[in-house]
Amino acid sequence: MTVVLDGGLATELEARGHDLSGELWSARLLADDPAAIVAAHRAFFRAGATVATTASYQASLGGFAELGLDRDEAVRLLELSVELAREARVTGDELVAASIGPYGATLADGSEYRGHYGLTVAELATFHRPRAEILAAAGPDLLACETVPDVDEAEAMLLAIEGLDVPAWLSYTVEGESTRAGQPLTEAFAVARGNDQIVAVGVNCCDPRDVAAAAEIAREASGKPVIAYPNSGETWDTRARGWTGESRFSPDLVRDWLAAGVAYVGGCCRVSPDDIAALAAAVRPGAGSPRG
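Below, the structure is given as C-alpha cells:
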C-alpha cells in the first residue's frame with residue numbers, strides 16, 4: 001500500500017499568516033506558537049496524509065542558543081516538535097517522522113541546495129548526532145534524514161543515527177540524475193544498501209519532473225522502497241528570500257512515480273493540504289473525502 005506523506009509545513013504556516021523570515025524558519029514557532037504547528041500538521045492529516053514530518057528541520061542546539069535559550073530549553077523544544085505532531089493526529093494511527101535536516105539548513109543561506117560544506121564526514125556526523133539522539137529519545141515512529149545535498153552528508157547522517165533504534169528514511173535533494181552537489185544518484189543511493197535501519201530511500205525538495213527517473217535509480221541502487229516528496233517546482237531565491245516560477249506539482253504525475261517504484265509519496269515546499277488531498281485521492285481512488 002502506498003503511504004501518503006504531508007506537504008510543506010512552512011508553506012501552510014505562512015498561508016496561516018505566520019512570519020517565518022528568521023533563520024530558524026518554522027522551528028521558531030516551537031517556542032513562540034506551538035499551537036500553530038499543531039494546526040498545520042492537523043490540516044495535512046485531515047487532507048489524507050498518514051505521516052507528519054516534524055518542525056525540527058532547521059532546528060539545532062546552536063540555532064536555539066542564538067535565540068538565548070540554554071541547552072535544556074533547546075532540548076525541550078526539539079522534543080516538543082515530536083509531541084506536537086503526535087498531538088495533531090486525527091485518527092490516532094498516523095505516524096510521526098522526526099525531521100533531521102542537513103547542516104546547510106542551519107546556516108539559512110541556501111547551502112543545503114549546494115552541499116560540499118568543506119567539512120569531513122566525521123565532522124558532519126558530530127554535528128548531527130546530538131540532535132538525532134534527542135529526537136529519537138522523544139519517541140517518533142521514524143527519523144527523516146531529508147534534503148541531503150551530497151553523499152558525504154548522507155554518510156554522516158547514517159553514522160549519526162546508527163544505534164538509535166528508530167527506523168529512518170534517507171532522501172536527497174536532486175537536480176536531474178545528480179545530487180545537488182553533482183554526484184551521480186547511483187552512488188548516492190547506494191550508501192543505504194544493506195543498512196537495515198533505512199526503510200526507504202529517495203528524493204525530496206526537488207522538481208516534480210525529476211522524481212520518476214530518480215525513483216527508478218533509487219530502487220535499483222539501494223534495494224529499498226522509494227520515497228518521493230518533491231516541492232512545487234518553483235525555485236527559492238536566497239537573496240530575495242522568496243519563490244519564483246510556477247508550480248508544477250500535480251497528482252497527475254503520481255501514476256508515473258508509482259510505476260517507478262515510489263511507495264511513500266507526498267510533497268515538500270509550496271505543497272499545500274489541498275495538494276495533498278488531491279494526491280491522496282489519486283493514490284487511493286474511492287477512499288472518500290478528507291477527514292474531519
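Be aware that the sequence shown starts at 1, since it is given in UniProt numbering, and climbs by one per residue. Just so you know, even glycine gets a beta-carbon here, dropped at the ideal spot from N, CA and C.
Discussion item. Checking 8 Å against the spacing of the C-beta atoms, do residue 55 and residue 30 come in under that value?
Written reply: Taking the sequence shown and counting its residues from 1, the one referred to as residue 55 is at position 55. Taking the sequence shown and counting its residues from 1, the one referred to as residue 30 is at position 30. Against a cut-off of 8 Å, the Cβ pair of residue 30 and residue 55 comes out as a contact.
Worksheet item: Counting Cβ pairs, one atom from each stretch, are 3 or more of them under 8 Å apart for the region 169–178 and the region 124–134?
Response: no
Practice prompt. Per DSSP, which residues does residue 82 bridge with? Please list them.
Written response: Position 82 of the sequence shown, counting from 1, holds the residue named residue 82. In the DSSP output, where bridge partners are listed per residue, residue 82 has none listed.
Worksheet item: Leaving out five residues before and five after residue 145 in sequence, what residues of the same chain have Cβ atoms less than 8 Å from its Cβ?
Response: One-based indexing of the sequence shown puts residue 145 at position 145. Around residue 145: 100, 154, 157, 158, 161, 168, 169, 170, 171.
Item to complete: Take residue 121 and list the residues in its own chain whose beta-carbon comes closer than 6 Å to its own, dropping the five residues that flank it on each side.
Response: Your numbering for residue 121 matches position 121 in the sequence shown. Excluding residues within five positions, the ones whose Cβ falls inside 6 Å are 152, 155, 156.
Discussion item. Between the alpha carbons of residue 163 and residue 1, how many angstroms are there, rounded?
Written reply: On the sequence shown, position 163 is the one that residue 163 refers to. On the sequence shown, position 1 is the one that residue 1 refers to. Each residue's Cα considered, the two are about 28 Å apart.
Worksheet item: Using CA coordinates, which residue listed in 140, 48, 232, 261 is at the minimum distance from residue 98?
Response: Stepping through the sequence shown from its first residue, residue 98 is reached at position 98. That would be 140, whose Cα lies nearest to the Cα of residue 98.
Practice prompt. Could you check if residue 181 is buried or exposed, using at least 16 other CB atoms within 10 Å of its CB as the buried criterion?
Written response: In the sequence shown, the residue the question calls residue 181 occupies position 181. That one is buried.
Worksheet item: Can you tell me whether DSSP reads residue 199 as helix, strand or coil?
Response: Looking up residue 199 in the sequence shown gives position 199. Reduced to three states, the DSSP call for residue 199 is strand.
Worksheet item: Three-state secondary structure (DSSP) at residue 273?
Response: Along the sequence shown, read from residue 1 onward, the residue named residue 273 stands at position 273. Note: residue 273 maps to helix in three-state DSSP.
Worksheet entry | Beta-carbon gap between residue 175 and residue 138 smaller than 8 Å | If you number the sequence shown from 1, residue 175 lands on position 175. If you number the sequence shown from 1, residue 138 lands on position 138. No, they are not a contact pair.
Discussion item. From the DSSP secondary-structure annotation, give me the bridge partner or partners of residue 231.
Written reply: Along the sequence shown, read from residue 1 onward, the residue named residue 231 stands at position 231. Per DSSP, none; premise fails for residue 231.
Fill in: Rounded separation between residue 131 and residue 245 - CA only
Sequence index remark: in the sequence shown, residue 131 carries index 131 (1-based). Sequence index remark: in the sequence shown, residue 245 carries index 245 (1-based). Roughly 34 Å between the two C-alpha positions.
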